[in-house]
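*Asks:* Supplied in structure tokens, the structure appears directly below.
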Amino acid sequence: MYTVTTQFEPVIGLEIHVQLASKTKLFCTCPNGVSEDTKPNTALCPVCAGHPGTLPVLTEGALALAVRAGLSMNCAINARSSFSRKHYFYPDLPKGYQITQYDEPINGAGEIEITYGPKDNLQKKKIGIHHAHLEEDAAKSSHCAEYSLVDFNRAGSPLLEIVSMPDMRSPDEAYAYLTEIKRLMRWVGASNCDMEKGELRVDVNISLRPAGTEKFGTRAEIKNLNSFKAVRDALTYEINRQTEILNAGGEVKQETLQWDKEELVTKPMRSKEAALDYRYFPEPDLPPVVLSAEWLEETRAQMPELPAAKEARFMAAGLSAYDAGVLTSSREISDYFEQVTEDGKVSLKTASNWIQTDLLGMLHAEKKEIEDSPIPAKRLAELLALAESGKINRKQAREVFDEIWKTGESPAAVVEKRGMVQVSDEGQLEEWAKAAIEANPKAVADYQKGNKAAIGALVGGVMKMSKGKANPRMISQMLAKLLG
């Protein structure tokens, strides 16, 4: 936890690289996103290997995903964008430069809303997007004691670099921003954002300034953070470090840092490079990208309902902000929820409770995603309809849930096999109710003195007599009627 002071205010901006989920690389037809098991240096061609004389050709699949990503972040889509060369020398960059977008990015300014804070006190805040531009990825280096190996399977993969405005003021806000970016990218199919596969990488810019002032302090950049936890921990450490320097009368140096996840400290890498060091100039082998109004309108029309809109719709239907947030945490979860409730036989609240507590709990325990659930949405809907109609109670419903999770049987078949159907015959219920009243005069007396909770003992007596088969809602009504 960083030390909260009123003296200094953190100013945080993030640069996020997401690997787009296109079938091919950015400037050639080589397959994109090959698995780690793929033999090194087999998913490449002269273009992505940087052979002299080869010409890049922008692939439409990557371009379309970049625009979808921009639309999800409410970015202005630039009808004209262009590519530049960014020069630096490193073994993983065979051409000696990277093709990227510099002064004319595909996505201009945008804005997203983040949610953070405890469940009972959720906070919302708008975070600006400066721009989001396309660029090609470098190869992957593996360093050994005496040599380095380079795998070009990743070289040329399409990246979208999302540059935020410096609008975040705490590690929690940065964490929430990352969570929202990941949700949006996955929601619209722009990227899988699997950090273990390097599909989402984060650089953090952090500075402190005296509280109440507008001028930015000297910033440091923390490079290549590979988990959300690392981002939060690195920011926490760096805020504390810079606070100590400023309190001691020192000056924070502008530098590039790396996060040591073992020692939980930041360490210097090199002096912060200025943009001029990269010697940007226009890419002569690629024409400007000009989007027609028709193409852009068609792309907009293909966009799904975004999570914020769906979240608002769920809340308007009666769900809490927290429940609506969980149910829209991924497109797959929200689709599952809507399939469970679409025929109107299951209430939104019942479906929400079961999905959050029972279904997601089991999936988490078995390290599965909702798309791998052994219980399809229609099966869960059948089970919950049985419970809501009063044919089985909550305890029985959970027993059926556990069995169909293992066997895949229909809920109705399990209920019939186990003889679980609740008794709703009024004559039989009245007989049990009268027997319970006769067997428990103390509960009757307490109830008639005004202790309405005493009816619970009588309901329990009926459930015992009926071996759990009496409809608890109907028996409660029957007892209340008999007791006056």
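Once you know that position 91 of the sequence shown is 176 in the numbering used here, the rest is easy, because the numbers rise by one and skip nothing. Just so you know, even glycine gets a beta-carbon here, dropped at the ideal spot from N, CA and C.
1) Using the C-alpha atoms, what's the distance from residue 132 back to residue 236?
2) Suppose only complete runs of 3+ residues qualify. What are the beta strand (DSSP E) ranges in the region 263-338, listed by chain order?
3) Is residue 175 helix, strand or coil by DSSP?
4) Find the nearest neighbour of residue 420 within the set 549, 440, 279 and 127, judged by alpha-carbon distance.
5) Residue 554 to residue 276, Cα distance in whole Å?
6) Residue 403 and residue 371 - do their beta-carbons sit closer together than 8 Å?
7) Would you list the residues sitting across from residue 344 in a DSSP beta bridge?
8) Quick test of your reading: residue 455 and residue 417, contact by CB under 8 Å. State the CB separation rounded to the nearest angstrom.
9) Find out if the Cβ-Cβ distance for the pair residue 150, residue 105 is shorter than 8 Å.
10) Run through DSSP, which three-state label would residue 477 get?
11) DSSP on residue 198, reduced to helix/strand/coil?
12) How would you write the range of the alpha helix (DSSP H) that residue 523 sits in, first residue to last?
13) Quick check: what's the CA-CA separation for residue 239 versus residue 145?
14) For residue 441, does the three-state DSSP call read helix, strand or coil?
15) Mind the definition here: the region 294-304 touches the region 324-341 only if three or more C-beta pairs lie below 8 Å; say whether that holds.
16) Can you check whether the C-beta of residue 92 is within less than 8 Å of a C-beta belonging to chain D?
17) For the beta strand (DSSP E) containing residue 185, name the first residue and the last one.
18) On a Cα-Cα basis, can you pick out the residue from 379, 289, 369 and 533 that is closest to residue 139?
19) Which term fits residue 182, buried or exposed, when burial requires 16 or more other beta carbons within 10 angstroms of its beta carbon?
20) Pull up the distance between the alpha-carbon of residue 489 and that of residue 155, whole angstroms please.
21) Tell me whether the region 264-273 and the region 159-168 touch, counting them as touching only if at least three CB pairs, one residue from each stretch, are closer than 8 Å.
22) Can you list the beta strand (DSSP E) stretches of 3 or more residues lying completely in the region 181-261, in chain order?
23) Taking all protein chains shown into account, decide if residue 203 is buried (16 or more other Cβ within 10 angstroms of its Cβ) or exposed.
24) Skipping 5 residues on each side, what residues in its chain have a beta carbon closer than 6 Å to that of residue 465?
25) My output table needs one value for residue 99: the three-state DSSP class, helix, strand or coil.
26) Taking the alpha helix (DSSP H) that residue 145 belongs to, which residues open and close that run?
27) Compare the Cα-Cα distances from residue 568 to each of 552, 210 and 525 and report the closest residue.
28) Output the distance between the C-alpha atoms of residue 95 and residue 258, rounded to the nearest integer angstrom.
*Replies:* On the basis of the supplied data:
1) For the purposes of this step, residue 236 is taken as residue 151 along the sequence shown, with counting starting at 1. For the purposes of this step, residue 132 is taken as residue 47 along the sequence shown, with counting starting at 1. The alpha-carbon separation between residue 236 and residue 132 amounts to approximately 15 Å.
2) The region 263-338 contains these whole beta strand (DSSP E) runs: 285-295 and 305-310.
3) Position 90 of the sequence shown, counted from the first residue, corresponds to residue 175. Here residue 175 sits in coil by DSSP.
4) Position 335 of the sequence shown, counted from the first residue, corresponds to residue 420. When each option's Cα is compared against that of residue 420, the closest is 440.
5) Here the question's residue 554 lines up with position 469 in the sequence shown. Here the question's residue 276 lines up with position 191 in the sequence shown. Going by the C-alpha atoms only, they are around 50 Å apart.
6) Along the sequence shown, read from residue 1 onward, the residue named residue 371 stands at position 286. Along the sequence shown, read from residue 1 onward, the residue named residue 403 stands at position 318. Note that the C-beta distance between residue 371 and residue 403 is not below 8 Å.
7) If you number the sequence shown from 1, residue 344 lands on position 259. According to DSSP, residue 344 bridges with 351.
8) Here residue 455 corresponds to residue number 370 of the sequence shown, with the count starting at 1. Here residue 417 corresponds to residue number 332 of the sequence shown, with the count starting at 1. Confirmed, Cβ separation roughly 5 Å.
9) Residue numbering aside, residue 150 sits at position 65 when the sequence shown is read from its first letter. Residue numbering aside, residue 105 sits at position 20 when the sequence shown is read from its first letter. For the pair residue 150 and residue 105, the CB atoms are nearer than the 8 Å cut-off.
10) Position 392 of the sequence shown, counting from 1, holds the residue named residue 477. Note: residue 477 maps to coil in three-state DSSP.
11) Reading the sequence shown from its first residue, position 113 is the one you call residue 198. In this structure, residue 198 counts as strand in the three-state DSSP scheme.
12) Taking the sequence shown and counting its residues from 1, one reaches residue 523 at position 438. 511-524 is the span of the alpha helix (DSSP H), which, as asked, contains residue 523.
13) Reading the sequence shown from its first residue, position 154 is the one you call residue 239. Reading the sequence shown from its first residue, position 60 is the one you call residue 145. In this structure, the straight-line span from the alpha carbon of residue 239 to that of residue 145 is close to 19 Å.
14) Counted from its first residue, the sequence shown places residue 441 at position 356. Residue 441 falls in the helix class under three-state DSSP.
15) Judged by Cβ distances under 8 Å, the region 294-304 makes contact with the region 324-341, as three or more pairs qualify.
16) This model lacks chain D altogether, as it is built from one protein chain only.
17) Within the sequence shown, residue 185 is the residue found at index 100, counting from 1. Bounds of the beta strand (DSSP E) holding residue 185 are 182-185.
18) Along the sequence shown, read from residue 1 onward, the residue named residue 139 stands at position 54. Of the listed residues, the one whose Cα sits closest to residue 139 is 369.
19) Here residue 182 refers to the residue found at position 97 of the sequence shown. So residue 182 counts as buried.
20) Indexing the sequence shown from 1 puts residue 489 at position 404. Indexing the sequence shown from 1 puts residue 155 at position 70. Between residue 489 and residue 155, the alpha-carbon positions lie close to 42 Å from each other.
21) Judged by pairs of C-beta atoms under 8 Å, the region 264-273 does not touch the region 159-168, as fewer than three such pairs exist.
22) Considered as a whole, the region 181-261 harbours 182-185, 195-201, 208-221, 225-228, 233-236 and 243-249 as its complete beta strand (DSSP E) runs of no fewer than 3 residues, in chain order.
23) Within the sequence shown, numbered from 1, the residue matching residue 203 stands at position 118. Classification for residue 203: exposed.
24) Residue mapping note: residue 465 aligns to position 380 of the sequence shown, counting from 1. Non-local beta-carbon contacts of residue 465 in its own chain, meaning distances under 6 Å to residues more than five positions away in sequence, involve 425 in chain order.
25) Taking the first residue of the sequence shown as 1, we reach residue 99 at position 14. Assignment of residue 99 by DSSP, reduced to helix, strand and coil, places it in the strand class.
26) Residue 145 sits at position 60 when you count from the first residue of the sequence shown. 145-157 is the extent of the alpha helix (DSSP H) around residue 145.
27) Counted from its first residue, the sequence shown places residue 568 at position 483. Distances from the CA of residue 568 to each of 552, 210 and 525 were compared; the closest alpha carbon is that of 525.
28) Stepping through the sequence shown from its first residue, residue 95 is reached at position 10. Stepping through the sequence shown from its first residue, residue 258 is reached at position 173. Distance between the alpha carbons of residue 95 and residue 258 is about 11 Å.
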